[in-house]
Amino acid sequence: MKKVGMPALFVLQMMVMAGLVSILFLVRQQWAPARIIGAGMITVSAALLLTARYQLGRSFAVTAQARVLVTRGIYSRIRNPIYVFGAFLVLGVCMFFGKPYFLLILLLVIPLQIWRAHREARVLEAKFGDAYREYRKQTWF
Numbered sequence: 001m002k003k004v005g006m007p008a009l010f011v012l013q014m015m016v017m018a019g020l021v022s023i024l025f026l027v028r029q030q031w032a033p034a035r036i037i038g039a040g041m042i043t044v045s046a047a048l049l050l051t052a053r054y055q056l057g058r059s060f061a062v063t064a065q066a067r068v069l070v071t072r073g074i075y076s077r078i079r080n081p082i083y084v085f086g087a088f089l090v091l092g093v094c095m096f097f098g099k100p101y102f103l104l105i106l107l108l109v110i111p112l113q114i115w116r117a118h119r120e121a122r123v124l125e126a127k128f129g130d131a132y133r134e135y136r137k138q139t140w141f
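Using our numbering, you'd call the opening residue of the sequence shown number 1 and step up by one each time.
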């Protein structure tokens with residue numbers, strides 16, 4: 001099986017996010033305040049998630065790996081922006097569709113993301129030492 005390159009994977013992720021955002025305009029329901037807020041959260045979260053993913057570049061991996069310590073852009077303020085904006089995206093979907101039981105997804109996803117963030121922190125600290133510890137002091141989650 002041919003390995004998919006990072007640019008192709010990023011383009012695929014952008015297409016999926018664009019599809020998700022376009023669904024906002026295809027669903028025919030009344031635009032109540034919660035729905036408007038949810039649509040805004042989905043759009044902004046998707047844009048920030050893709051920006052964070054782009055800024056991570058080739059350092060992106062499904063498993064915890066320490067290739068390069070990315071500290072620019074969104075990563076200069078938030079250590080795990082993909083996790084943060086992914087959670088806001090799910091919350092936006094919950095509000096947009098008015099389905100409170102979608103919050104159960106967050107109850108599963110957030111502890112998993114915290115666990116993954118701790119694993120990644122250990123791997124990064126082992127490789128980058130003091131540089132990572134200093135970066136960690138200056139950023140949130």
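Glycine included, C-beta positions come from ideal geometry on N, C-alpha and C.
query: Short Cβ contact (8 Å threshold) for residue 88 with residue 53; result: no
query: Three-state secondary structure (DSSP) of residue 140; result: strand
query: 4-residue-minimum alpha helix (DSSP H) runs that sit fully inside the stretch 33-103, ordered along the chain; result: 33-56, 81-97
query: Environment of residue 111 [buried if 16+ CB atoms lie within 10 Å]; result: exposed
query: Local conformation of residue 115 per DSSP, three classes; result: helix
query: Exposure of residue 15, with buried meaning 16 or more beta-carbon neighbours within 10 Å; result: exposed
query: Under the three-state DSSP convention, the category residue 30 falls into; result: coil
query: Which of helix, strand or coil DSSP assigns to residue 19; result: helix
query: Close-in-space but distant-in-sequence residues of the same chain around residue 141 (CB under 8 Å, 5 per side omitted); result: 78, 79, 80, 83, 84, 117
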